[in-house]
Amino acid sequence: VANYLKWINWDNGNISSSELWDKVLAFEADKQYPQMIRTCMKLLPQLSNPKAKMSVNHKLAVMEFEFANKKKRAVERMQTVYNMLPPASFKSPDEDVQHYLNSYGAMLYRIGVELRQKHSKKMALAYFQKATSFEWDQIGKVYFELMTLLWNNPEQAIRYGEKALAQNSSFSPEQSCEMMSLMTKACKSAGLFDRARIYFRKWKECQELTYGKKM
């Protein structure tokens, strides 16, 4: 009974919306993404429940990003979802909210990487900075990109490098070693020789743990 009531109330009692949402989920399970996108587009205009709107926009954004080659449109759609989130939800996000933030952050990060590869530094910087404006599961990777993107500014490189190291779960042991090496160089460039020695020692320890050899 509880599940049935939840299904009915998914869009404030609009049964047609609940039925279309079931179709969306079925198309997703069958990997019929074009049909899924079309059904989401049909469903969106008739929704009245904010949570339902966020769910459909999120599903549609992921499909647009991954399968429809509409990455910027997907990011705009996730910005819409982001703007709909209650301010209090950022302090202790539930599973759905964190899922939305993780998807949005990953999209911003991936577009930033693509722009950087195309040497669009300013645009890449804008996407990376936006991706650090909220907490998500792989934010450390963005801090690493910012560290290397702003390498000619040692103070900024160090600041973002420290933020990246604080998110060490985002990195493999090899990447962590590389970060220690870069932090050593950045601190030297900034004239922070005591800190450079600390990071050099951490780099050696990382090398020994990762590769099993003394440096």
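Residues 1372 to 1586, numbered by this note's numbering, are exactly what the sequence shown covers, in order. Beta carbons: idealized from backbone N, C-alpha and C, even for Gly. Model, not experiment: these values are computed from the prediction.
Take the alpha-carbon of M1449 and the one of Y1475: they are about 6 Å apart. Excluding its 5 nearest sequence neighbours in each direction, W1574 has C-beta neighbours in its own chain below 7 Å: C1548, M1551, S1552 and T1555, listed in chain order. Here S1541 is near Q1509, since their CB atoms are less than 8 Å apart. Within the same chain, and ignoring the five residues on either side of W1381 in sequence, the residues whose Cβ sits closer than 8 Å to its Cβ are S1388, S1389, W1392, N1420 and A1423. Restricting attention to alpha helix (DSSP H) runs no shorter than 4 residues, the stretch 1515-1560 encloses them at 1525-1536 and 1544-1560, ordered along the chain. Annotated as distal: L1536 and F1505, with beta-carbon spacing of 8 Å or more. The Cβ-Cβ distance between V1395 and N1428 does not fall below 8 Å. With a cutoff of 8 Å on beta-carbon distance, L1517 and Y1531 are scored as near each other. A Cβ-Cβ distance of about 5 Å is found for the pair A1502 and V1513, placing them in contact under the 8 Å criterion.
Between T1581 and P1544, the CB-CB gap stays under 8 Å.
Annotation for L1414: S1388, L1391, W1392, V1395 and V1427 place their beta carbon closer than 8 Å to its own, counting only its chain and skipping 5 residues before and after.
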